[in-house]
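In what follows, a single structure is set out as structure tokens and then discussed.
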Amino acid sequence: MTLLAAQRISKKFDDQIIISDVSFTISNQEKIGLTGKNGSGKTTLFEMISGQLETDSGDISYSKTCKIDYITQEKTEHLDKTLYQFTSTARTDLLDMRQEINELEHYLQYSPNDSKAVEKLGVLHAKFENSGGFSFENELVHILEGLGFPRARHDEPIKNFSGGEKNRAGLALALAGNGTLLLLDEPTNHLDIESTQWLEEYLSKINKSYIIISHDRTFLNNTVNKVWEISFAKIDNYVGNFEKYLDERQKRLELQEHHYKHQQAEIKKIEDFIQRNMAGQKTKQAQSKLKYLARIKRIQPVKHDSKQANIKMESSGRSYAHVLSLGQVSLGYGSVPIVNDVSIDIYRGDKIGLIGKNGSGKTTILKSIIGEITPINGEIKLGSNVEVAYFDQELSDLNNKSTVIDSVWELDPIVESGKIRSFLARFGFYGEDAFKPVQSLSGGEKTKLSLARLLYYPANFIIFDEPTNHLDIDSRNILEKALVEYDGSALIVSHDRYFLDKVVTKILHLSNSFIKSYPGNYSYFKERTENLHIDTVKVKDESKKEAYLEFKEKSKQKSYLKRNIQQTKDKIEQLERELEIIIDELNNKIEQNNWEKLHKATDKKNELEDNIIKLYHELEKLEEINLD
29 MTLLAAQRIS
39 KKFDDQIIIS
49 DVSFTISNQE
59 KIGLTGKNGS
69 GKTTLFEMIS
79 GQLETDSGDI
89 SYSKTCKIDY
99 ITQEKTEHLD
109 KTLYQFTSTA
119 RTDLLDMRQE
129 INELEHYLQY
139 SPNDSKAVEK
149 LGVLHAKFEN
159 SGGFSFENEL
169 VHILEGLGFP
179 RARHDEPIKN
189 FSGGEKNRAG
199 LALALAGNGT
209 LLLLDEPTNH
219 LDIESTQWLE
229 EYLSKINKSY
239 IIISHDRTFL
249 NNTVNKVWEI
259 SFAKIDNYVG
269 NFEKYLDERQ
279 KRLELQEHHY
289 KHQQAEIKKI
299 EDFIQRNMAG
309 QKTKQAQSKL
319 KYLARIKRIQ
329 PVKHDSKQAN
339 IKMESSGRSY
349 AHVLSLGQVS
359 LGYGSVPIVN
369 DVSIDIYRGD
379 KIGLIGKNGS
389 GKTTILKSII
399 GEITPINGEI
409 KLGSNVEVAY
419 FDQELSDLNN
429 KSTVIDSVWE
439 LDPIVESGKI
449 RSFLARFGFY
459 GEDAFKPVQS
469 LSGGEKTKLS
479 LARLLYYPAN
489 FIIFDEPTNH
499 LDIDSRNILE
509 KALVEYDGSA
519 LIVSHDRYFL
529 DKVVTKILHL
539 SNSFIKSYPG
549 NYSYFKERTE
559 NLHIDTVKVK
569 DESKKEAYLE
579 FKEKSKQKSY
589 LKRNIQQTKD
599 KIEQLERELE
609 IIIDELNNKI
619 EQNNWEKLHK
629 ATDKKNELED
639 NIIKLYHELE
649 KLEEINLD
């Protein structure tokens, strides 16, 4: 059953087009991941779907069964309620029924013979039970504990919570509701790994549809069966989890590039023919081809982001082998330790991930290393020639009253502005972006600006506290590449499992105030601690390429090559016709909740696309052979 349908909706702010002529439907039990660069319009789309923001054009219609739960942080601010009281408002219908039941029970204490009141109370009790009233309290406690709130905190006033805790409370409020469509905006940003894994399992069991905005690649891979990508004001729809989306997206880009190149080559041939023959004996043919060029639908080249960051980390030179030593260190605020008897050794070139629950003391360890917190016991030693840089997850180094360029220029005021602007371009700040006020930046832009300040001067030991928070997926990929290529040492607190897998060579696990060390990345740590099996990475089969090279050496006759070229073109044309039919069926003819047909059609589409790409590769290589 369709919950809502959007027909040709558009939205722009000032002259910037955010969403342009987009249509989609959402059906029961659809689990959608919404991805795209920071600023591409993901939150704007949520606000339009939820009715908080009107479309400029187009329409969104809702079925009678569509009830949307969409919680923003603002709804958790300035409240005197406790955490439990606040999150219980997710079911105001149950609260109202409970109030009415209490009032009737109180009345019947004094009027036990009122048969109508007794009958009404019985009806209310039945309705309350059927609505989940008696199980709601246990369900709410289960949600709060899963999101990292122990029972001892359920009666704390929510107004005293940190921003991250308020976000988690808002997430609990959404999960506890009885809506049929959940809109979750970056739900894992303030969750530790344990709570993120709990949320993955919880979402796999609920009988609701949801759309998740997230840049957490592992989380998306484990929670969605469809991906929407917002790019250049359009939405591209992909069936499958995040890994399948990446594969399918690459295929589509390759196909588009192949189609574009071949059409451009064909257009050039026709234009050359027209130029040669317009005034000659073949004038009519030239005029006919000119009309053909005017009619054909031009394939657009693959669009690329002109503001792509190119982050590089430069080391300040080789430190001594022993970069950092913590010897039996106890840390805390005052005389009460948060972390006990910690011993850590970091050596030159180490990339270490520090993980643990929220509140376990990870940031405390980092701040003790940079000297902001004095150990209660033990000793912290930095090695010789070690130059430390520290990335603060709170971005406390940024001044909201400053501009982007001044935020970096103040670090080196004697250089010319051109050098600063060139440096900022490496972090995605081009042209007039350099003069934006810091307070106007998005969370992702502020993170990149803080990274720019961090990396302006080289260091050989960089300490990161949640560096991927607020970064989009492309920016995370760029940061990962920079860290892998960095020849210094790094200590990284992160809850991004994909990021940890790509970057770190050792895991420090902080639990119950103690640290244990594990060699390898996060997946290896997971395997060691929970006996999980890691999927074997599939290596692409290169046999077709080798077979072609052998064929190329043997193919010397012109007629044989020409015949093969034509046959390959015919095969491509045939498969592309079949592909158009399958795509039409997926988009217009197959019911979105008919998973069996959807999966069969998607598998067929993937097979066709794979074969078309292979044929294009073969065609290009055939055409490269010199027939003379």
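Per the numbering used here, the sequence shown starts with residue 29, numbered consecutively.
Built from N, CA and C at the ideal position, the CB exists for glycine as well.
Since the structure is predicted, the reported quantities are computational estimates derived from the model, not experimental observations.
As computed with DSSP, W256 is found in a beta bridge with L62, N265. Separation of P365 and S358 (C-alpha to C-alpha, rounded to the nearest whole angstrom) is 6 Å. Non-local C-beta neighbours of A417 in its own chain, meaning closer than 6 Å and more than five positions away in sequence, comprise L482, A487, I490, ordered along the chain. For E276, the enclosing alpha helix (DSSP H) starts and ends at 270-305. DSSP places F74 in the helix class (H, G or I) of the three-state scheme. Residue nearest to K390 within the set L248, T110, V414, S539 is S539 (criterion: CA-CA distance). Close CB contacts of A349 within its chain, under the 6 Å cut and outside five residues either way in sequence, are with Y375, R376 (chain order). In the three-state reduction of the DSSP assignment, Y361 falls in the strand class, which pools E and B. As computed with DSSP, E407 is found in a beta bridge with G355. Going by beta carbons, L479 and I339 fall inside the 8 Å limit. According to the DSSP assignment, F247 belongs to the alpha helix (DSSP H) that extends over 245-251.
In the structure shown, G207 falls within a coil segment according to DSSP collapsed to helix, strand and coil. Beta-bridge annotation (DSSP): P495 is not paired with any residue.
Annotation for I501: the continuous alpha helix (DSSP H) segment containing it runs 501-513. If you ignore the 5 residues before and after F492, its C-beta comes within less than 6 Å of the C-beta of F419, I520, all in its own chain and listed in chain order. Sequence-distant partners of V330 (beyond 5 residues in either direction) whose C-beta falls short of 6 Å from its own C-beta, in its chain, are L281, Q284, E285. DSSP places G150 in the helix class (H, G or I) of the three-state scheme.
Within the same chain, I221, T246, Y550 come within 7 Å of R525 by CB-CB distance, once the 5 residues on both sides are set aside.
Bridge partners of Y98 according to DSSP: L211. One Cα belongs to E637, the other to R504, and the distance between them is close to 28 Å. With respect to the 8 Å criterion, Y230 and G161 are not classified as neighbours on the basis of their beta carbons.
Under the three-state reduction of DSSP, S51 is assigned to strand. In this structure, the straight-line span from the alpha carbon of E438 to that of R36 is close to 47 Å. Rounded to whole angstroms, the separation of the alpha carbons of L647 and L589 is 10 Å. Here F162 carries a helix assignment [DSSP, helix/strand/coil]. Bounds of the beta strand (DSSP E) holding S38 are 30-41.
For Y484, the secondary structure class from DSSP, reduced to helix, strand or coil, is coil. Between I60 and V367, the gap from beta carbon to beta carbon reaches 8 Å or more. Per DSSP, Q467 has no beta bridge partner at all.
In terms of Cβ geometry, K262 and S48 form a close pair [threshold 8 Å].
The C-beta separation of Y90 from L32 comes to about 5 Å, placing the pair in contact by the 8 Å criterion. In the three-state scheme derived from DSSP, where H, G and I count as helix and E and B as strand, N338 is classed as coil. Put simply, the segment 202-209 does not touch the segment 134-154. Fewer than three CB pairs are less than 8 Å apart. Listed in chain order, the alpha helix (DSSP H) elements of length 4 or more contained wholly in the segment 397-463 are 432-437, 445-453. For D142, same chain residues with a beta-carbon under 8 Å away, outside a window of 5 residues either side, are Y135, L136 in chain order.
I324 sits in coil when the DSSP states are folded into three classes, being neither helix nor strand.
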